[in-house]
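Let me begin by presenting the structure, written as structure tokens, before commenting on it.
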């Protein structure tokens with residue numbers, strides 16, 4: 001055909017990487033929650049070790065920088081540590097604690113439960129079950145819990161302690177802005193010391209043992225309905241030895257009588 005093959009070039013087709021990049025991004029986010037002081041080098045090592053994803057440091061760095069997750073971009077400064085104070089309270093609305101856990105759905109992948117517990121009577125004062133894990137979800141949950149307990153009287157919540165870990169959600173600007181608006185006092189546990197937030201940690205472990213791990217959720221709606229039912233039952237029916245074998249709601253009503 002009179003064509004010089006040395007001048008012919010095959011234009012490579014770009015492979016679609018959106019799904020893979022999203023998987024890597026989710027894995028990086030989970031690792032930062034667990035290792036908040038790791039830079040992109042260590043995060044890359046942990047990605048390969050724990051997930052088997054073949055990711056290089058440049059890709060990890062690019063994703064972390066794009067999302068504001070590098071050490072230089074993450075919020076610094078003094079955070080009030082809880083020292084040796086246990087996660088208990090002498091009265092209602094003296095100390096709340098918050099945390100999140102995760103579960104898998106066939107139709108939605110990894111989904112999330114974030115909850116707030118009153119450390120006085122072990123009652124879940126608010127929760128959200130969501131496909132997303134971000135500050136907006138946690139902020140909405142906390143705001144709903146505050147309004148449910150105090151109405152719009154922000155003076156009534158002044159000084160309430162809120163204990164959490166150092167995750168990106170609980171240290172985000174929008175989350176801290178809500179705490180300031182309601183006069184809440186944040187307490188951050190020492191990294192790698194989940195026992196210092198033992199009450200909510202124990203609560204999060206129980207639904208996994210009794211509910212989440214016993215089910216293969218085919219859909220998010222199914223999982224949401226089952227987990228919500230479990231939380232309602234825990235609040236209203238489960239007897240706690242520390243509460244004289246009353247449920248959290250029973251204990252609250254008895255002391256209010």
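Numbering (full-length UniProt numbering), first residue to last: 1 to 257. Where is the CB? At the ideal position from N, CA and C, for every residue including glycine.
About 26 Å separates the beta carbons of residue 132 and residue 160, which is beyond the 8 Å limit, so they are not a contact pair. With respect to the C-alpha of residue 206, the residue from 221, 122 and 49 having the closest C-alpha is 122.
If the five residues before and after residue 91 are omitted, its C-beta is found closer than 7 Å to the C-beta atoms of 120, all from its own chain and listed in chain order. With contact defined as three or more Cβ pairs closer than 8 Å, the segment 244–251 and the segment 126–145 are not in contact. Looking at the backbone, the Cα of residue 216 and that of residue 105 are separated by about 7 Å. Note that the segment 19–34 touches the segment 162–169; at least 3 beta-carbon pairs, one per stretch, sit closer than 8 Å.
Counting along the chain, the unbroken beta strand (DSSP E) around residue 97 starts and ends at 95–105. A straight line joining the alpha-carbon of residue 94 with that of residue 226 spans about 30 Å.
The residues 126, in chain order, have a CB closer than 6 Å to that of residue 144 in the same chain once the five nearest residues on each side in sequence are set aside. When the beta-carbon positions are compared, residue 118 and residue 218 stay at least 8 Å from each other.
By the Cβ neighbour-count rule, residue 115 is buried, with 16 or more other Cβ atoms within 10 Å of its own. Non-local C-beta neighbours of residue 220 in its own chain, meaning closer than 7 Å and more than five positions away in sequence, comprise 105, 107, 108, 111 and 131, ordered along the chain.
The alpha-carbon separation between residue 139 and residue 203 amounts to approximately 20 Å.
Pairing residue 231 with residue 211, the inter-Cα distance amounts to about 10 Å. Assignment of beta-bridge partners to residue 109 by DSSP yields 105. Residue environment for residue 236: exposed (fewer than 16 other C-beta atoms within 10 angstroms of its C-beta). The distance from the Cβ of residue 60 to that of residue 44 is about 4 Å, consistent with a contact at the 8 Å cut-off. Residue burial is scored here from C-beta neighbours: residue 233 has fewer than 16 other C-beta atoms within 10 angstroms and is therefore classed as exposed. Measuring C-alpha to C-alpha distances from residue 100 to each of 199, 153 and 147 identifies 199 as the nearest. Annotation: the continuous beta strand (DSSP E) that includes residue 186 extends over 185–188. A direct Cα-Cα distance of roughly 29 Å separates residue 224 from residue 187.
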